[in-house]
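Encoded as structure tokens, the structure appears first; notes follow it.
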Amino acid sequence: MAPSFQCSPRWVLLVFLLLVCLGCINTCAFEASIDLGPAQRRCIGEQLSKHVLIVGEFRVSHPAATVPGGAATGPLLMHVHVTDPANKTPVFQQSSRDRIKTGFTSTKPGVHMFCVKNLSQQQITVDVQLLWGPAARDYSQLAKAEHIDEVMLQLLQLQDKLKLYHNNILFMRERDEQMRQQNEQTATQLILFCGVNIFLLVASSVISGFFFKRFFRSKKII
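Residue numbering for the sequence shown follows UniProt numbering, beginning at 1 and increasing consecutively.
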């Protein structure tokens with residue numbers, strides 16, 4: 001007889017937490033290199049939930065290889081600004097530097113736009129690094145300041161990852177509720193539109209029949 005294997009709730013919970021942690025590690029960072037021509041701007045959008053710490057670094061690495069000779073014709077400067085999902089007031093903006101760092105906590109859920117503009121007279125390459133959630137926190141400095149041992153530090157990291165996962169679930173539920181309300185509103189408008197069209201078709205048929213009947217009677221056809 002083959003030995004039976006039973007999964008205890010403890011092992012199931014540990015596997016679930018491990019998968020959550022791996023998911024958080026894989027989705028809490030973004031790195032890219034962007035080539036920008038003179039006065040060119042590019043934006044990066046990241047979907048973030050509410051109350052999430054975001055740390056970003058933008059650095060002009062070098063002129064692009066397409067520049068003849070590779071010699072700089074002026075200072076390699078850029079402008080960086082970040083907007084929240086409302087797109088009203090920039091959360092952060094800074095200009096005329098070759099290296100810009102920013103850090104803030106999101107106040108609204110949705111897509112946050114990170115935009116970079118080239119202020120130089122030549123093409124440049126900007127290295128972008130975005131970290132959010134647990135990946136944005138410096139746990140080594142926190143351990144030194146709070147005198148936290150390794151086990152408690154790991155538990156704190158796990159707590160932050162689970163909190164981010166929980167916030168993402170709440171954000172997805174909110175988006176689903178908004179989409180459901182929009183679908184219901186669209187369905188109501190569609191039903192109303194169809195009802196109006198049916199009424200207009202019936203009304204036009206009745207009116208057309210009435211006028212055709214009068215016309216034929218006036219011509220003594222019927």
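We put the beta carbon where it would ideally sit given N, CA and C, even for glycine.
State buried or exposed for Ser-49, treating a residue as buried only when at least 16 other CB atoms are found within 10 Å of its CB. Translated into positions along the sequence shown, residue 49 becomes position 49. The residue is buried, with at least 16 neighbouring Cβ atoms inside 10 Å.
Per DSSP, cross-strand counterpart(s) of Ala-101: On the sequence shown, residue 101 is found 101 positions in, with the first residue counted as 1. One point to set straight first is that residue 101 is Lys, not Ala, in the sequence displayed. In DSSP, Lys-101 forms a bridge with Glu-57.
Give every residue of the same chain whose Cβ lies closer than 7 Å to the Cβ of Ala-136, excluding the five residues on either side of it in the sequence, and list them in chain order. In the sequence shown, residue 136 corresponds to position 136, counting from 1. Answer for Ala-136: Leu-53, Ile-54 and Val-55, listed in chain order.
In the DSSP assignment, what residue or residues form a beta bridge with Asp-127? Against the sequence shown, residue 127 aligns to sequence position 127. Partner(s): Ser-33 and Arg-59.
Please work out which residues of its chain come closer than 7 Å, Cβ to Cβ, to Gln-157, disregarding the five sequence neighbours upstream and downstream, and give them in chain order. As a working mapping, residue 157 is identified with position 157 in the sequence shown. Answer for Gln-157: Pro-134 and Tyr-139, listed in chain order.
With three or more C-beta pairs closer than 8 Å as the rule, is the segment 82-97 touching the segment 205-212? no
Under 8 Å between C-beta atoms, does Gln-47 make it to chain C? Absent from the structure: chain C. Only one protein chain is present.
Host beta strand (DSSP E) of Lys-117 (start-end): Numbered from 1 along the sequence shown, position 117 holds the residue referred to as residue 117. Where Lys-117 is concerned, the enclosing beta strand (DSSP E) stretches over 110-118.
Beta-carbon proximity of Ile-124 to Leu-36, cut-off 8 Å: Here residue 124 refers to the residue found at position 124 of the sequence shown. Here residue 36 refers to the residue found at position 36 of the sequence shown. Their beta carbons are under 8 Å apart, which means Ile-124 touches Leu-36 by this criterion.
Where does the unbroken beta strand (DSSP E) through Leu-48 begin, and where does it stop? Taking the first residue of the sequence shown as 1, we reach residue 48 at position 48. Segment 41-48, the beta strand (DSSP E) holding Leu-48.
CB contact flag (Ser-95, His-112, <8 Å): The sequence position of residue 95 within the sequence shown is 95, counting from 1. The sequence position of residue 112 within the sequence shown is 112, counting from 1. Contact: no.
Given a cut-off of 8 Å on the beta-carbon distance, is the pair Asp-84 and Thr-107 in contact? Residue numbering aside, residue 84 sits at position 84 when the sequence shown is read from its first letter. Residue numbering aside, residue 107 sits at position 107 when the sequence shown is read from its first letter. It is a contact, given that the beta carbons lie within the stated cut-off.
If we ignore side chains and look at the alpha-carbon of each, how far apart do Val-202 and Gly-195 end up? If you number the sequence shown from 1, residue 202 lands on position 202. If you number the sequence shown from 1, residue 195 lands on position 195. Distance between the alpha carbons of Val-202 and Gly-195: 11 Å.
Quick one: what's got a C-beta closer than 7 Å to Thr-188's C-beta in the same chain, skipping five residues either side? The residue given as residue 188 occupies position 188 in the sequence shown. No residues qualify anywhere along the chain.
Identify, in the order they occur along the chain, each residue of the same chain with its Cβ nearer than 7 Å to the Cβ of Met-179, setting aside the five sequence neighbours on each side. Translated into the one-based positions of the sequence shown, residue 179 becomes position 179. Closer than 7 Å at the Cβ level, and outside the excluded window around Met-179, lies no residue.
Considering only the beta carbon of each residue, do Glu-46 and Gln-129 sit closer than 8 Å? Numbered from its first residue, the sequence shown carries residue 46 at position 46. Numbered from its first residue, the sequence shown carries residue 129 at position 129. Against a cut-off of 8 Å, the Cβ pair of Gln-129 and Glu-46 comes out as no contact.
Express the C-alpha separation of Asp-160 and Arg-173 in angstroms, rounding to a whole number. Along the sequence shown, read from residue 1 onward, the residue named residue 173 stands at position 173. Along the sequence shown, read from residue 1 onward, the residue named residue 160 stands at position 160. For Arg-173 and Asp-160, the distance between alpha carbons rounds to 20 Å.
Member of Lys-163, Pro-63 and Cys-28 whose CA lies at the smallest distance from the CA of Ile-34: What you label residue 34 is simply residue 34 of the sequence shown in a count that begins at 1. When only C-alpha atoms are compared, the closest one is Pro-63.
For His-166, three-class secondary structure by DSSP: Your numbering for residue 166 matches position 166 in the sequence shown. Reduced to three states, the DSSP call for His-166 is helix.
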